[in-house]
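S.K.: Sharing a structure here in structure tokens format.
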């Protein structure tokens, strides 16, 4: 049986359950796998990351969050706005952030908060690898998020970023991690997009109306409607 970890997305674990395990709700993301969440802009990819992160924190699973689109304060405020309060998890050093977008020097660097730059992918990788090793010494399981690889691709040579992303996935998996990576469809050339898809285990598309599981360990293609509510993304199959 494939070990799965809860997603934090209402209805997603049921959608990814096999028929035999549906009653037990044994769905979610395959443990120690990498998942690409892609689609057009503004369809809920970052919200998906927030819910995935928070679910892990509530299960005592540390999260390593590499952000290139939204600064730490924006993430904190947005998550709080959908009922996901990070205060306790920051205080208990469960959430680790590598922030490649903020220029606000009021937030001091620490064991759980590191600054980097989208223009320096090597620095990002070094800091992520260092934090992942540190987390693995404290916890057998962690969650990793890259939101998003699009911004890094736009600021660097695409083939360099493909190599960096491949190494990133390897480092997170070595540390016992399960990772999700967001990407805006069509923002890189078709060859790069194909290479990114080839290095992950699972591929999920959000198009604003449907969530489409194009590939996932242990199951075939599935899709369902979803919507983004005040409490985050909700899969609608229970309402059909």
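Numbering (my numbering), first residue to last: 154 to 393.
Just so you know, even glycine gets a beta-carbon here, dropped at the ideal spot from N, CA and C.
Quick caveat, the model's predicted, so the values are computed rather than measured.
(1) Using DSSP with H/G/I as helix, E/B as strand and the rest coil, what is residue 380?
(2) So for residue 183, helix, strand or coil by DSSP?
(3) Could you give the residue range of the beta strand (DSSP E) that holds residue 368?
(4) Where residue 239 and residue 326 are concerned, what is the direct C-alpha to C-alpha distance, given to the nearest angstrom?
(5) Quick check: residue 311 and residue 340, are their CB atoms within less than 8 Å of each other?
(6) I'd like the ranges of any alpha helix (DSSP H) spanning at least 4 consecutive residues and lying wholly in the region 321-354.
(7) Measure the CB-CB distance between residue 267 and residue 254 and report whether it falls below 8 Å.
(8) In this structure, does DSSP put residue 372 in helix, strand or coil?
(9) Are the CB atoms of residue 333 and residue 164 nearer to each other than 8 Å?
(10) Rounded to whole angstroms, what is the Cα-Cα separation between residue 209 and residue 372?
(11) Do you know offhand how far residue 375's Cα is from residue 155's?
(12) How far does the alpha helix (DSSP H) with residue 213 in it reach, from first residue to last?
(13) Determine which residues share a DSSP beta bridge with residue 268 and list them.
(14) Residues in the same chain with beta-carbon distance under 8 Å from residue 233, minus the five sequence neighbours each way, listed in chain order, please.
M.R.: On the basis of the data shown:
(1) strand
(2) strand
(3) 363-368
(4) 25 Å
(5) no
(6) 343-351
(7) no
(8) strand
(9) no
(10) 23 Å
(11) 17 Å
(12) Here residue 213 belongs to no alpha helix (DSSP H), and DSSP marks it neither H nor E.
(13) 252
(14) 239
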